[in-house]
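Each residue of the sequence shown is one higher than the one before, counting from 3 in this note's numbering.
Beta carbons: idealized from backbone N, C-alpha and C, even for Gly.
In this text, all values refer to a predicted model and were calculated from it rather than measured experimentally.
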Amino acid sequence: MTRRSLRNLALTMAVLFVGTACTSEPAGDGAEGAATVTSGASVEGATLEAATALGVSNARMPLPHLVTAGQPTEEQIVGLVEAGFAHFISLRVADERGAGWEEARAADQSFDFERLPISGGDALTRENVEALAALLESVGEEPTVLYCGSSNRVGAMLALKAYWVDGADPEAAFELGQQAGMTRLEGRVRELLGLDSSG
């Protein structure tokens with residue numbers, strides 16, 4: 003079997019498994035806890051496992067209904083749409099290597115795509131964080147993929163959203179950013195959160 007065939011088989015098995023689990027379990031009372039990085043809980047086949055089976059780079063699920071990741075390929079986005087993801091938000095500048103094709107693909111494939119270009123640490127502003135918050139609020143609980151090149155900018159923006167918009171404790175906000183893939187921007191985010199950069 004080719005690698006592509008194996009990935010498609012793995013995705014099919016993941017979707018079938020989740021579909022079976024969803025139809026055989028009684029409806030919950032809404033008291034379930036929030037999804038963690040390792041959680042696959044979401045809507046229908048739109049799960050972390052589906053993204054992982056497709057080989058999406060650095061895929062995580064730090065919040066319910068939201069997969070964070072590095073740049074997906076065109077083939078992976080098609081697979082994610084088939085798995086049930088309805089919305090895609092890119093934090094990459096359109097002229098970055100490997101980016102810029104999504105707008106045309108979204109028009110062809112009829113999925114929702116938004117681009118909020120975050121070029122690096124200097125773009126971690128309240129204005130941009132509030133713009134991301136508005137995008138995430140607009141998609142509500144529908145399965146969404148939020149990505150950049152590696153998920154570093156994604157984690158940084160989610161940490162700042164948690165603090166500036168949602169009122170989270172700075173340490174909790176920082177931890178969320180790490181769970182979502184923040185790495186090289188940790189120092190800048192610690193500064194913006196008012197945390198000791200040496201801690």
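Backbone CA spacing between Glu51 and Ala85 [nearest angstrom] | The straight-line gap separating the alpha-carbon atoms of Glu51 and Ala85 is approximately 10 Å.
Leu160 beta carbon less than 8 Å from that of Gly179 | Yes, they are a contact pair.
Return the CA-CA distance between Thr75 and Leu118, expressed in angstroms with no decimal places.
-> The alpha-carbon atoms of Thr75 and Leu118 are separated by roughly 18 Å.
Local conformation of Arg59 per DSSP, three classes | The question names Arg, but residue 59 in the sequence shown is Ser. Three-state DSSP puts Ser59 in coil, outside helix and strand.
What is the DSSP secondary structure of Phe90, reduced to helix, strand or coil?
-> Taken through DSSP and simplified to helix, strand or coil, Phe90 comes out as strand.
State the DSSP-derived secondary structure class of Ser26, mapped to helix, strand or coil.
-> For Ser26, the predicted model reports a pLDDT of 31, less than 50, meaning its position is unreliable; a value from the coordinates is still stated below. Residue state, collapsed to three classes: helix.
Spatial neighbours of Ala164 within its chain, please: CB distance less than 6 Å, with the 5 preceding and 5 following residues excluded, ordered by chain position.
-> Only Ala170, Ala175, Leu178 meet the Cβ criterion.
Extent of the continuous alpha helix (DSSP H) run through Phe115 | Note, Phe115: premise wrong, no alpha helix (DSSP H); beta strand (DSSP E) at 114-117.
Residues near Phe115 by beta carbon distance below 6 Å, same chain, minus five either side | Excluding five sequence positions before and after Phe115, the CB atoms of its chain that fall closer than 6 Å to its own CB belong to Phe90, Glu104, Ala108, given in chain order.
The alpha helix (DSSP H) enclosing Ala136, as first and last residue numbers | For Ala136, the enclosing alpha helix (DSSP H) begins and ends at 128-141.
Look at the Cβ atom of Arg192, then the Cβ atom of Gly151, and state whether they are nearer than 8 Å.
-> The Cβ atoms of Arg192 and Gly151 do not sit closer than 8 Å to each other.
Kindly indicate the opening and closing residues of the beta strand (DSSP E) around Ala85.
-> Per DSSP, Ala85 belongs to no beta strand (DSSP E); it is in the alpha helix (DSSP H), 76-85.
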